[in-house]
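J.: Sequence positions in the sequence shown follow this note's numbering and run 39 to 157.
Just so you know, even glycine gets a beta-carbon here, dropped at the ideal spot from N, CA and C.
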Amino acid sequence: MTTYLFLLRPESLALGDMPPEAHAALFDRFVRWSESLKERGCLRAVESLMDAGGATLRKSGGAIVVDGPYAEVKELVSGLFVVEADGEQAARAIAAECPLLDVGGSVEVREIAPFPVRP
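1) Relative to the C-alpha of Cys136, which residue among Thr41, Arg156 and Val84 is closest?
2) Does the distance from the C-beta atom of Leu46 to that of Leu138 stay below 8 Å?
3) Expressed to the nearest angstrom, what Euclidean distance is found between the alpha-carbon atoms of Leu118 and Glu59?
4) For the structure I just gave you, are there three or more beta carbon pairs, one from the stretch 125–132 and one from the stretch 145–156, closer than 8 Å?
5) Please report the straight-line C-alpha distance between Ser72 and Leu114, rounded to a whole angstrom.
6) Anyone know if the C-beta pair for Thr41 and Val120 falls short of 8 Å?
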């Protein structure tokens with residue numbers, strides 16, 4: 039099994055602008071999808087990211103704080119999933135189930151490389 043990171047991007051979709059009942063329905067779909075992934079044994083982690091706050095840090099002589107964690111709405115990451123799958127095609131098939139895709143968002147699928155730990 040290989041571990042993958044799914045980065046959820048709402049793209050131009052403003053989730054905060056959705057009617058409350060549509061937002062609640064989308065949230066319920068995410069809960070059901072997360073539970074399904076857990077039942078299948080492939081979910082390792084899931085997190086939602088706050089819309090406000092955060093920062094991008096760059097070093098140019100010293101640390102500089104750049105306002106906002108993203109420069110453009112298309113770069114916004116609203117959440118992440120860490121899943122295990124039998125290869126990239128299987129990971130893509132799992133990502134294709136994401137409820138965000140049905141409301142105009144996207145899911146970036148990235149393989150997670152083991153980090154070498156020195157004793």
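T.: In short:
1) For the purposes of this step, residue 136 is identified with residue 98 of the sequence shown, where counting begins at 1. If you compare the alpha carbons of Thr41, Arg156 and Val84 with that of Cys136, the shortest gap goes to Val84.
2) Your numbering for residue 46 matches position 8 in the sequence shown. Your numbering for residue 138 matches position 100 in the sequence shown. The beta carbons of Leu46 and Leu138 sit closer together than 8 Å.
3) For this step, residue 118 is matched to residue 80 along the sequence shown. For this step, residue 59 is matched to residue 21 along the sequence shown. Taking the straight line from one Cα to the other gives about 23 Å.
4) Segments in contact, yes.
5) As a working note, residue 72 is residue 34 in the sequence shown. As a working note, residue 114 is residue 76 in the sequence shown. Computed Cα separation, rounded: 21 Å.
6) The residue you call residue 41 lines up with position 3 of the sequence shown. The residue you call residue 120 lines up with position 82 of the sequence shown. Yes, these two residues count as a Cβ contact at 8 Å.
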